[in-house]
Amino acid sequence: MYIPIMPGRYTHASLAIAALAALCVATGHAQDACTLRPDTLRPALSEAPPDERLFAHSLGEVRAALIFIDFPDAPGTADVAQLAPSYTNEASAWYASASRGRMSLSFTVAPRWYRMSKPSATYVNEIGKFVDVIAAAAEAINLAAGDVDFTRVTHVYIAASNHSAVNKSNAFMAPVGRGAKFDRGEIRFGAAFGSNVYRTIPTGSYPAHHLTHETLHTLGLPDLYDITIADIVQNASATGGWDPMGWVLSLGEPLVWHKRLLGWIDPPELHCVERADTAITVRESLVPAGETGAKAVAVRLDRYRVLVAEARVPRGLDSLRGPGGVLVYTVDVRVPTGRTPVRVISAAGGPAADDSSRVRRLGPLHDATLSADTGRRSRLDVPDAGVSVEVTRSSTARFDVVLLIAPRPRSAGGGMLPVHDPTRVRQ
Ligand SMILES: [Zn+2]
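End of the sequence shown sits at 1176 in this note's numbering; the numbers just go up one at a time, nothing left out.
Dropping the structure here:
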């Protein structure tokens, strides 16, 4: 992903946010137990609420254009009308389902290949990623301007021909005035796709999975996989396949935490709990997506972190999954995109040991959930978080959970924990 912002450009706005957060802490009236604010003055992709001045809106109708681009060295040969649905259909269906109809994503497809002016290698760096994706999008938009009314869309996706030097997916989000310009306006949001998406997978349409992931960046969500690791199974060892920001081989539900950031659930569906001066016990019945009721409990651990327990079952977008259960994870707003800001605490004690097709399909933590069913682990103690989670009753669509929450630490700073303390789990 790519954010063309200058350090300090949002200094005033960010200072205002920082001041508000400081005020909330100082007065003891945090605006919400689930609202995490980073200390950084530079807005970026993180687990904080998305800044509406930088990111696209995640509610309502999102209209997009899809442009197929080719190059003098890599002419497009496939029929654009046949290729386009592999990028659009599953993505549109995913947004309709994951948002419960609160966001729609519709496409206008430019009707042919548009030839870029230079050889493909001149546009990309050594790993095949657009060096200036906004300039490339602007070139494509101007090539297709006679066929598409770009004043009617907020997002533009450019899909490079197979065998070009473009080999990475690449989102862009630009502040007002810094987007991809054309004679009647500018496009601030979108993404590019390269040869990397020309791949057949058994779990859906790979281009659409990438388009869904990159679009979520334009809404403000960070990468959950570890961008420093190339292997797509190993780099997903923090969150597995439990969210499209960490895994694109299959496209399941997003984390309830992310649905809250995007406005796709109502506040009562994520029960937010503050720690107290004494130990507290929280009992909740959790239901999965598609049911009415609380979907998750989030316990604020300190200024920057929450621990979340949420219900996930194999139906709807998650239909490929195994037995249902309660997924437990921590979220740290200080950890930047691509450095695992979310960490699943696996009931199985770590990534699945098998390297089966199941791991390839669902991710390395596919067996991470808790359940009261016979033969399944029902309880996790997370000493570093001061929280225990136990599932006391399981059914196909409801999980009774009990959270034991240790008192708030008395030390200065409200018990701030180090970034990425290895979360020790007592098995
Ligand atoms: Zn990404």
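Glycine included, each C-beta is placed from N, C-alpha and C at the ideal position. Every value quoted in this text rests on a predicted model; they were computed, and no experiment measured them.
Burial state of Asp-972 (16 or more Cβ within 10 Å): buried
Beta-carbon proximity check, Phe-817 vs Tyr-872, cutoff 8 angstroms: no
N- and C-terminal bounds of the beta strand (DSSP E) containing Asn-919: 919–922
Boundaries of the alpha helix (DSSP H) in which Leu-960 is found, first to last residue: 955–967
Beta bridge counterpart(s) of His-904 as assigned by DSSP: Ala-813, Phe-938
Where Ser-1095 sits in the DSSP three-state scheme: coil
Inter-stretch contact (C-beta, 8 angstroms, three-pair minimum) for the stretch 806–823 and the stretch 1112–1119: no
Any non-hydrogen atom of ligand 3 within 7 angstroms of His-904 CB: Here the bound small molecules are ligand 1; ligand 3 is not part of this structure.
Assigned exposure category for Ser-1143 - 16 Cβ within 10 Å defines buried: buried
Gly-1074 beta carbon less than 8 angstroms from that of Leu-1119: yes
Residue closest to Leu-1129, alpha-carbon to alpha-carbon, out of Val-1062, Ala-1058, Ala-830: Ala-1058
Residue span of the beta strand (DSSP E) that contains His-1020, given as start and end: 1019–1022
Residues near Val-882 by beta carbon distance below 7 angstroms, same chain, minus five either side: Tyr-751, Asn-919, Phe-921, Ala-941
Contacts around Pro-1090, its chain only, beta-carbon distance under 6 angstroms, and the 5 residues preceding and following it disregarded: Glu-796, Pro-971, Asp-1081, Val-1084
Test item: CB-CB of Leu-1152 and Val-1046 under 8 angstroms: yes
Start-to-end residues for the beta strand (DSSP E) that takes in Ile-1029: 1029–1035
Any non-hydrogen atom of ligand 1 closer than 7 angstroms to His-958 Cβ: no
Beta-carbon proximity list for Thr-857, same chain, < 6 angstroms, skipping 5 on both sides: Ala-814, Val-897
Ser-1137 - DSSP class collapsed to helix/strand/coil: strand
Short Cβ contact (8 angstroms threshold) for Thr-964 with Arg-933: no
Contacts around His-912, its chain only, beta-carbon distance under 8 angstroms, and the 5 residues preceding and following it disregarded: Ala-823, Ser-944
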